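To start, the structure under review is shown below, and the notes come after it.
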Amino acid sequence: MSQEISLKEAERKAFRATYNDGLWDVLIGSFVLILAVAPLLSDRLGDFWSSVIFLPFWGLVYLAISLLRKHVVAPRIGAVQFSRARRTKLTRFTLVMVVANILALTLGIAALVFTGMRGGPTLLVLFGLVWLVAFGLAGYLLDISRFYVYGLLLAIAPLVGEWLYNNAGATHHGFPITYGFVAGVMILVGVVLFIRLLVQTSPQAGDGLPGEG
Amino acid sequence: MVAEPVAPDVQPLADIDQVIHASARLMILTYLYVVESADAVFLKNMTGLTWGNLSTHLSKLEEAGYVTIDKGFRGKKPQTTIRLTGQGREAFQVYRQRIRQVFDDLPE
């Protein structure tokens with residue numbers, strides 16, 4: 048046996064095989080997209096409605112992803128029920144993302160209320176740190192290393208945006224450019240991974256085992 | 042009369058469970074050990090076995106009482122769910138222990 052049997056690695060491989068279809072990336076990318084588009088929409092719709100309008104959009108994306116998982120991904124990669132430890136990690140991941148979104152939203156509102164849309168370096172750094180920690184934890188809990196890169200991109204996005212706003216005449220603190228770029232990267236990576244899955248696997252019409260074992 | 046083994050340290054190898062020791066079955070059990078259950082499509086993808094091979098090895102594991110195979114339907118498509126039994130889990134742990142026992146003591 049040339050390779051040591053690593054049960055931990057086998058479990059990771061099984062998990063990655065199930066969740067590496069790129070659909071996570073598309074879903075999270077579509078969430079990040081609000082930070083890019085909402086400032087543009089807020090000029091016409093106001094701050095509240097420019098955010099609320101994304102709810103049906105997210106709903107549609109979520110529905111599309113659920114349908115793709117059920118009808119396209121599952122027949123190709125099969126179904127697996129993970130161990131309790133892995134399920135706990137998934138629950139923690141969900142909690143981390145919920146807390147990160149609430150924190151980001153709170154900081155965003157704080158920026159609006161206390162600084163009159165000017166933000167400020169401390170707030171921007173804090174905002175970036177929330178993303179970095181959230182995606183760092185998500186990468187760790189999901190064993191998906193590209194989430195660390197996403198976290199880093201999201202962390203520097205407000206700072207770069209502010210720089211573009213001050214030095215290059217970008218509107219809306221540069222958010223449409225920087226967050227639009229990060230959302231684009233996430234969605235593109237997701238689409239590429241999904242296409243790769245479609246190319247590398249073929250759908251199984253049920254399973255090929257005999258009717259009775 | 043059974044000959045005395047040359048290296049007594051490798052004696053546990055003689056007791057190794059031959060049902061598990063076949064590479065295909067070892068792969069199947071490794072994945073079943075780390076998840077709660079998996080369907081046949083998932084196992085086929087992870088192990089790279091053909092349907093015929095997978096079916097044969099699953100039958101052997103089922104005969105040994107190491108896995109349970111439940112045939113059902115997911116929508117209109119047949120789905121076979123495979124799960125490691127308590128006996129299978131225990132046998133796999135003993136297998137690991139024996140293999141480790143032998144190879145850990147070997148000099149580099």
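The listed protein sequences derive, respectively, from chains A and B. Position one of the first sequence corresponds to residue 48 (our numbering), numbered consecutively onward. Position one of the second sequence corresponds to residue 42 (our numbering), numbered consecutively onward. Just so it is clear, CB atoms sit at the ideal spot from N, CA and C, and this is done for glycine as well. Quantities reported herein were computed from a predicted structural model and do not represent experimental measurements.
- In chain order, THR71, TYR74, VAL75, ARG137 make up the part of chain B whose C-beta sits under 9 angstroms from the C-beta of A:LEU54.
- Distance from the Cα of A:VAL120 is smallest, within the candidate group A:TYR66, A:ARG133, A:LEU173, for A:TYR66.
- Within the DSSP bridge table, the entry for B:ILE123 names B:ALA79, B:ILE110 as partners.
- Counting only runs of 3 or more residues that sit fully inside the segment 72-135 of chain A, the beta strand (DSSP E) segments are 127-129, in chain order.
- Per DSSP, B:HIS98 is one residue of the alpha helix (DSSP H) stretching across 92-104.
- Ranked by how close their Cα comes to the Cα of A:ALA126, the residues A:ALA217, A:ARG116, A:TRP178, A:ILE100 have A:ARG116 in first place.
- Per DSSP, the beta bridge partners of B:ARG115 are B:LYS118.
- Contact check for A:LEU70 against A:PHE241 passes: the beta carbons are separated by less than 8 angstroms.
- The three-state secondary structure of A:SER192, taken from DSSP, is coil.
- 8 angstroms or more divides the Cβ of A:SER77 from the Cβ of A:SER89.
- A:THR225 and B:LEU95 have their alpha carbons spaced roughly 49 angstroms apart.
- At least one CB of chain B lies nearer than 8 angstroms to the CB of A:PHE129.
- Put simply, the CB of A:LEU199 is far from chain B, with every gap to its CB atoms at 8 angstroms or more.
- Contact between A:GLY186 and A:GLY198 holds, with the beta-carbon distance rounding to 7 angstroms and staying under 8 angstroms.
- Ranked by how close their Cα comes to the Cα of B:LEU84, the residues A:GLU58, A:LEU80, A:ASP68 have A:GLU58 in first place.
- Counting every other CB atom within 10 Å of its CB across the protein chains shown gives B:GLY129 a total of 16 or more, marking it as buried.
- Between the segment 128-139 of chain A and the segment 75-90 of chain B there are three or more inter-stretch CB-CB distances shorter than 8 angstroms, so the stretches are counted as touching.
- Residues ILE81 of the same chain have their beta carbon placed closer than 6 angstroms to that of A:PHE101, with the five preceding and five following residues left out of the count.
- DSSP places B:ASP145 in the helix class (H, G or I) of the three-state scheme.
- CA-CA distance, A:ALA111 to B:THR97, rounds to 38 angstroms.
- Sorting A:ILE156, A:GLY93, A:PHE104, A:SER53 by C-alpha distance to the C-alpha of A:ILE75 places A:PHE104 at the top.
- In the structure shown, B:ILE57 adopts coil according to DSSP, grouped into three states.
- In this structure, the alpha-carbon of B:LEU54 lies about 54 angstroms from that of A:VAL108.
- For A:GLN247, the enclosing alpha helix (DSSP H) has its first and last residue at 222-247.
- In terms of CA proximity to B:THR71, B:TYR107 leads the group B:TRP92, B:LYS118, B:TYR107.
- For A:GLY125, the neighbours in chain B by C-beta distance under 8 angstroms run, in chain order, ALA79, ASP80, ALA81, VAL82, PHE83, LEU84, LYS85, ASN86.
- By the criterion of a C-beta distance shorter than 8 angstroms, B:VAL135 is surrounded in its chain by ASP58, once the five residues flanking it on both sides are discounted.
- Under a 10 Å Cβ-count criterion, A:ALA85 is classified as buried, with 16 or more other Cβ atoms of the shown protein chains found around its own Cβ.
- Between B:GLN120 and the set B:ASP80, B:THR126, B:TRP92, B:HIS62, the nearest pair of CA atoms involves B:ASP80.
- Nearest in C-alpha terms to B:GLU103, of all of B:TRP92, B:ARG124, B:MET68, is B:ARG124.
- In terms of CA proximity to A:VAL73, A:LEU235 leads the group A:LEU256, A:PRO250, A:LEU235, A:GLN251.
- Distance from A:ALA147 to A:VAL177 at the Cβ level is roughly 6 angstroms; contact confirmed, criterion being Cβ atoms closer than 8 angstroms.
- For A:THR65, the enclosing alpha helix (DSSP H) begins and ends at 54-66.
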